[in-house]
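Have a look at the structure below, then the notes.
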Amino acid sequence: MSPRKKSSSAAADLVVVANRLPVDRVVEPDGSTSWRSSPGGLVSALAPVMRANDGAWIGWPGDAGEDLEPFSHDGLSLVPVALSEEEIEEFYEGFSNDTLWPLYHDLVAKPSFHREWWDAYVRVNERFAAAAAEHAAEDAVVWVQDYQLQLVPAMLRELRPDLRIGFYLHIPFPPAELFSQLPWRRQVLEGLLGADLVGFQLAGAAQNFIRLVRQRVGHKTHRDLVYLPEGRRVQARAFPISIDTAGFEELAASEPVVARAKQIRHDLGEPRTVFLGIDRLDYTKGIYARLRAFSELVAEGELGDDAVFVQVATPSRERVDQYRRLRDDIDRLVGRINGDLGRIGSPVIHYMHSSFPREEMAALYRAADVMVVTPFRDGMNLVAKEYVACRLDGDGALVLSEFAGAANELRQAFLVNPYDINGMKTMMLQAHRAEPKELGRRMRAMRKTVSENDVSHWASAFLDALTEGRTEHSKTTRPATRS
Ligand code: G6P
């Protein structure tokens, strides 16, 4: 049967496979290296269930390097997968972020198709699948994450048919008309079909997938199920991801964050209205269009003379051309706006190209009157949910793109079409002028949504659905997903 390769030292009942490990490597002044947790929603949701199930997390440490031995950090077993310089270029920057990323985000930028990049994608996916096969215990549950690893489910099933395999796509899954451009469309669909459960942010994405499987692979489908010729069934469903709501609330209530939020407003010159944008510096996020909309409102005198925009852009994928160009474009735009509209000591846009710890983010959320989240396309957008979680007093306004997955749940936001600059201006103005009563009504409803659906609900809903379907492998107990 299966060419079982079970490492007795590290047989995990729950294996998470993600492009990145949940840690960053820190090089000390003496040249030695250590690891620092990189806090994210995914790891905060999965850490308890991983600890309870002898879990292992397989991922890339984030830089080029030699094979590293598995190690433990903060109670988690981590298994590093090495990528060479060339693989970083072809698999990570190339196929993942210059082919799949723009293709899956509505072609906001033009995807590049290169056969060598595809070959690297296959090779690296094989390496992740082999690592998962090695570290999973018999009948274990393996949860593969995101677009970088879409071939892993089928490769892993080939190596280890005993496993229960789930896959979750954190980004949008495009309509058939766009996906069909991909020269390797069939291989990607077949890769995903190696999973028992394929999860998406939105129901529409799951439907896109089912339709493509029917059209391009020719399998029978009914509602959210695909029927494979060998008798196996694959389910495709929406599981909208969320944040560690209680963690953000606690942070936002903490004394240092409250003090820091005051300090931020003071440093900004106590303006009447603080607008805020926080994004990875990515062309899908609509940063350029939103800053233009804001600057036009300022130029037209609509916001009075004491509104400022704070834009934090976290550096991202900086060696990919489209990202480099975007950075130059934003630098130029911010320079022009401040040159035209700023005064000594009071620029209208405060732009920071850097990443900040969670505490600083929470302080910025607390300090902002209007949060502006305007992606052209976004799987979910957790910044929108984090802002809501940090508004403990139920005030503040959220301007949100209808093309962010979050708009499905945060219906009480000021929803905008980011392609429509005039429409965005109208909504930003409406958010700015709204009465506290209206803001409170909207924010309270959104806070309820975010507190009822946090990331641990998301993780348990997915893992429960994945293990519920288990029939022929019913020996292991279901992972305890809430601890
Ligand atoms: C998105 C993707 C993640 C990715 C993250 C940061 O949220 O869904 O898979 O890890 O962006 O991008 P990076 O390329 O730095 O990992």
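Residue numbering for the sequence shown follows the working numbering, starting at 1 and increasing by one per position.
Just so you know, even glycine gets a beta-carbon here, dropped at the ideal spot from N, CA and C.
In this text the structure is predicted, and so the values were computed from the model without any measurement.
Distance from the CA atom of R332 to the CA atom of N338, rounded to whole angstroms, is 10 Å.
Here T284 really is in contact with F376; their C-beta atoms are around 6 Å apart, less than 8 Å. N125 carries a helical assignment under DSSP once its states are collapsed to helix, strand and coil. In the three-state DSSP reduction, W184 falls in the coil class, being neither helix nor strand.
With respect to E386, F248 sits close: the two C-beta atoms are nearer than 8 Å. Look at S354: its beta carbon is at least 7 Å from all of the heavy atoms in the ligand G6P. Taking the Cα of P111 as reference, the smallest distance to any Cα among A132, M155 and S180 is reached at S180.
A Cβ-Cβ distance of about 6 Å is found for the pair A384 and L398, placing them in contact under the 8 Å criterion.
According to the DSSP assignment, K220 belongs to the beta strand (DSSP E) that extends over K220 to H222. Going by C-alpha positions, F414 is about 11 Å away from H432. Counting along the chain, no alpha helix (DSSP H) covers L228, and no H or E run does either.
Straight across, the Cα-Cα distance linking A136 with S77 is about 12 Å. Relative to W184, the option among D146, L163, P174 and F113 whose CA is nearest is F113. In the three-state reduction of the DSSP assignment, H105 falls in the coil class. Spatial neighbours of F71 in its own chain (CB-CB distance under 7 Å, excluding positions within 5 residues in sequence) are listed in chain order as L78. In this structure, R25 has its CB at a distance of at least 7 Å from all heavy atoms of the ligand G6P. DSSP, read as helix, strand or coil, puts I165 in strand. Placement of the Cβ of I88 at a distance of 7 Å or more from every heavy atom of the ligand G6P is found. In this structure, the CA atom of S96 is about 12 Å from the CA atom of I171. Counting only residues of its own chain and dropping the five nearest sequence neighbours on each side, G394 has a CB closer than 7 Å to the CB of G440, M443, R444 and R447.
Within the DSSP bridge table, the entry for H73 names L76 as partners. DSSP, read as helix, strand or coil, puts T99 in helix. For S456, the enclosing alpha helix (DSSP H) has its first and last residue at V455 to E468. Here A206 has F200, D224, A236, R237 and A238 as same chain residues with Cβ atoms under 7 Å from its own Cβ, once five neighbours each way along the sequence are excluded.
Contact holds between the region 121 to 141 and the region 11 to 31, because three or more Cβ pairs, one in each stretch, are under 8 Å apart.
The region 88 to 102 and the region 303 to 311 do not touch, with fewer than 3 CB-CB distances between them shorter than 8 Å. Distances from the CA of T273 to each of A299, E190 and A367 were compared; the closest alpha carbon is that of A367. Using a cutoff of 7 Å, the CB of H170 counts as near the ligand G6P, since one of the ligand's heavy atoms is closer than that. The ligand G6P approaches R20 closely enough that one of its heavy atoms is under 7 Å from the residue's Cβ.
As the crow flies, the alpha-carbon of E190 is around 54 Å from that of L341. C-alpha of V388 to C-alpha of E409: approximately 12 Å in a straight line. Going by DSSP, A140 is part of the beta strand (DSSP E) stretching over A136 to Q145. At a Cβ-Cβ threshold of 8 Å, V310 and L364 count as neighbours. For G199, the three-state secondary structure derived from DSSP is strand. Here I349 carries a strand assignment [DSSP, helix/strand/coil].
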